[in-house]
Amino acid sequence: MRFQRFADRYIARLESGEQTIETLTKFLGSEGIEFANISAAGAVSHVRLGYWNAQSREYEFRDFDEQLEVVSFQGNSALKDDAPFLHLHGVFARRDFSVVAGHIKEARVHPTLEIWLRSERVPVRRAHDATSGLDLLDLPKWNA
Amino acid sequence: MRFQRFADRYIARLESGEQTIETLTKFLGSEGIEFANISAAGAVSHVRLGYWNAQSREYEFRDFDEQLEVVSFQGNSALKDDAPFLHLHGVFARRDFSVVAGHIKEARVHPTLEIWLRSERVPVRRAHDATSGLDLLDLPKWNA
Amino acid sequence: MRFQRFADRYIARLESGEQTIETLTKFLGSEGIEFANISAAGAVSHVRLGYWNAQSREYEFRDFDEQLEVVSFQGNSALKDDAPFLHLHGVFARRDFSVVAGHIKEARVHPTLEIWLRSERVPVRRAHDATSGLDLLDLPKWNA
Numbered sequence: 618m619r620f621q622r623f624a625d626r627y628i629a630r631l632e633s634g635e636q637t638i639e640t641l642t643k644f645l646g647s648e649g650i651e652f653a654n655i656s657a658a659g660a661v662s663h664v665r666l667g668y669w670n671a672q673s674r675e676y677e678f679r680d681f682d683e684q685l686e687v688v689s690f691q692g693n694s695a696l697k698d699d700a701p702f703l704h705l706h707g708v709f710a711r712r713d714f715s716v717v718a719g720h721i722k723e724a725r726v727h728p729t730l731e732i733w734l735r736s737e738r739v740p741v742r743r744a745h746d747a748t749s750g751l752d753l754l755d756l757p758k759w760n761a
Numbered sequence: 618m619r620f621q622r623f624a625d626r627y628i629a630r631l632e633s634g635e636q637t638i639e640t641l642t643k644f645l646g647s648e649g650i651e652f653a654n655i656s657a658a659g660a661v662s663h664v665r666l667g668y669w670n671a672q673s674r675e676y677e678f679r680d681f682d683e684q685l686e687v688v689s690f691q692g693n694s695a696l697k698d699d700a701p702f703l704h705l706h707g708v709f710a711r712r713d714f715s716v717v718a719g720h721i722k723e724a725r726v727h728p729t730l731e732i733w734l735r736s737e738r739v740p741v742r743r744a745h746d747a748t749s750g751l752d753l754l755d756l757p758k759w760n761a
Numbered sequence: 618m619r620f621q622r623f624a625d626r627y628i629a630r631l632e633s634g635e636q637t638i639e640t641l642t643k644f645l646g647s648e649g650i651e652f653a654n655i656s657a658a659g660a661v662s663h664v665r666l667g668y669w670n671a672q673s674r675e676y677e678f679r680d681f682d683e684q685l686e687v688v689s690f691q692g693n694s695a696l697k698d699d700a701p702f703l704h705l706h707g708v709f710a711r712r713d714f715s716v717v718a719g720h721i722k723e724a725r726v727h728p729t730l731e732i733w734l735r736s737e738r739v740p741v742r743r744a745h746d747a748t749s750g751l752d753l754l755d756l757p758k759w760n761a
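Protein chains in written order, with our numbering: chain G, 618 to 761; chain H, 618 to 761; chain U, 618 to 761.
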């Protein structure tokens with residue numbers, strides 16, 4: 618991984634063979650980033666996508682072992698049990714320009730993934746939500 | 618809805634059952650936000666998508682009543698008749714990892730939608746464009 | 618093209634008939650922007666999409682001559698041979714709400730494309746990579 622920092626923003630590049638979630642999580646911990654908004658463009662040779670089933674309240678995963686363009690990549694990193702935890706969704710384009718898409722469980726970069734990251738100085742945490750079974754952002758309630 | 622503010626930026630979370638456009642529009646009005654760039658990731662149980670037909674110059678809408686991952690969500694809020702008006706496009710992933718996509722007319726969140734919002738202090742307005750029949754961003758012309 | 622600047626950020630609008638890559642590249646040069654993160658939403662009447670073939674290490678292109686919603690648009694501009702060079706990926710929705718997606722070689726706007734641009738004061742350059750045959754972001758290596 619390579620990166621350049623501009624105050625609270627970063628442009629980073631993952632290199633061929635690097636695992637996106639694993640590498641980014643280590644990087645966020647190393648930089649002490651407690652909240653970041655993230656987007657990216659590039660390509661991968663494998664992605665494991667998830668779909669949250671509202672009936673079972675569990676993720677269903679599928680692996681795509683092919684060269685794919687990363688055509689959308691959005692999400693954030695917040696703290697779960699005091700460590701950075703990524704929540705990223707993506708769209709991946711095939712050779713015929715059709716797509717597969719979902720929650721990004723993991724993705725192996727090839728040959729490059731250009732990541733834009735904006736950090737905040739204020740920590741944001743995730744807390745377990747019993748209804749959904751998910752770890753949701755623990756934010757103050759809006760009193761509309 | 619829940620949110621945290623960082624100077625001119627916000628991380629917000631819509632909760633299960635909330636209507637995205639309706640709730641965000643109220644929130645932007647309440648915060649007095651006159652322009653914002655917006656992105657998001659999460660999931661919905663319903664979305665009403667639009668396609669602008671260049672021949673008829675009218676939107677065609679279709680409802681999708683199913684649990685979908687929000688895999689891309691981009692756009693902005695500007696002023697139309699002095700009130701916040703959202704222009705958002707999105708991509709939504711199905712259980713088989715295929716997608717439906719278009720202009721977001723409305724979307725019902727389930728179980729969570731994490732929204733990133735960057736506001737500006739300068740108001741940006743929309744003005745009616747007779748040629749397209751749409752309300753376009755009223756910005757100064759670039760003299761190239 | 619029309620635009621408004623907020624310090625180091627811009628909201629811009631491309632108008633009907635304008636070529637996205639050509640017009641944006643001229644604009645970036647004119648403003649002296651040496652790095653920018655870019656996103657957009659709107660619609661086009663034509664797009665030329667690319668897929669990078671990992672075997673041949675060359676792009677394969679296809680033209681789509683139809684009215685499409687721009688439902689995702691992400692990437693950046695960095696310097697290649699001292700001039701702005703755009704790297705943008707996108708997802709485009711058809712009248713039936715299905716999509717085509719890939720690397721954006723060129724796109725003709727109709728009737729509007731709303732572009733969000735965040736510039737940085739520090740130049741970022743691309744350098745030729747012999748392994749992939751691509752011009753990758755030339756960033757300092759992270760010593761994990």
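All C-beta atoms in this analysis are idealised placements derived from N, C-alpha and C, irrespective of residue type, glycine included.
- Shown here for VAL717(G): same chain residues with a beta carbon closer than 6 Å to its own, the five before and five after excluded, namely PHE681, PHE709 in chain order.
- At the C-beta level, SER662(G) and ARG725(G) come within 7 Å of one another.
- Only exposed fits ARG738(U), as fewer than 16 other CB atoms lie within 10 angstroms of its CB.
- Rounded to the nearest angstrom, the gap between the Cα atoms of HIS704(H) and GLY667(H) is 11 Å.
- Assignment of beta-bridge partners to TRP733(G) by DSSP yields ILE628(G), SER656(G).
- Boundaries of the beta strand (DSSP E) around LEU705(G): 700 to 710.
- Neighbours of GLY719(G) across chain H, judged by C-beta separation under 7 Å: GLU686, VAL688, ALA710, PHE714.
- DSSP, read as helix, strand or coil, puts ILE721(U) in strand.
- Beyond the five residues adjoining it in sequence on each side, PRO728(H) comes within less than 7 Å, by CB distance, of SER633, ALA660 in the same chain, given in chain order.
- Secondary structure at GLY667(G): strand, using DSSP grouped into helix, strand and coil.
- By the neighbour-count criterion, in which 16 or more other beta carbons inside 10 Å mark a residue as buried, ARG735(G) falls on the buried side.
- Counting of Cβ neighbours within 10 angstroms places GLY692(G) among the buried residues, the total reaching 16 or more.
- Following the DSSP letters along the chain, one finds LEU754(U) in no alpha helix (DSSP H) but inside the beta strand (DSSP E) bounded by residues 752 to 754.
- Straight-line measurement puts the Cα of TYR676(G) at about 9 Å from the Cα of HIS720(G).
- Nearest in C-alpha terms to TRP669(H), of all of PHE652(H), HIS706(H), ASP699(H), is HIS706(H).
- GLU639(H) sits exposed, since fewer than 16 C-beta atoms from the chains shown fall within 10 Å of its C-beta.
- Residue pairing of LYS758(H) in beta bridges, as defined by DSSP: ARG619(U).
- By the Cβ-count criterion, PHE644(G) is buried, with 16 or more other Cβ atoms from all chains shown falling within 10 Å of its own Cβ.
- Under DSSP, GLU675(U) shares a beta bridge with ASN670(U).
- In chain order, MET618, VAL726 place their CB closer than 7 Å to the CB of GLU635(G), counting only its own chain and leaving out the 5 sequence neighbours on each side.
- The secondary-structure analysis by DSSP pairs GLU686(U) across a beta bridge with ALA660(U), ALA710(U).
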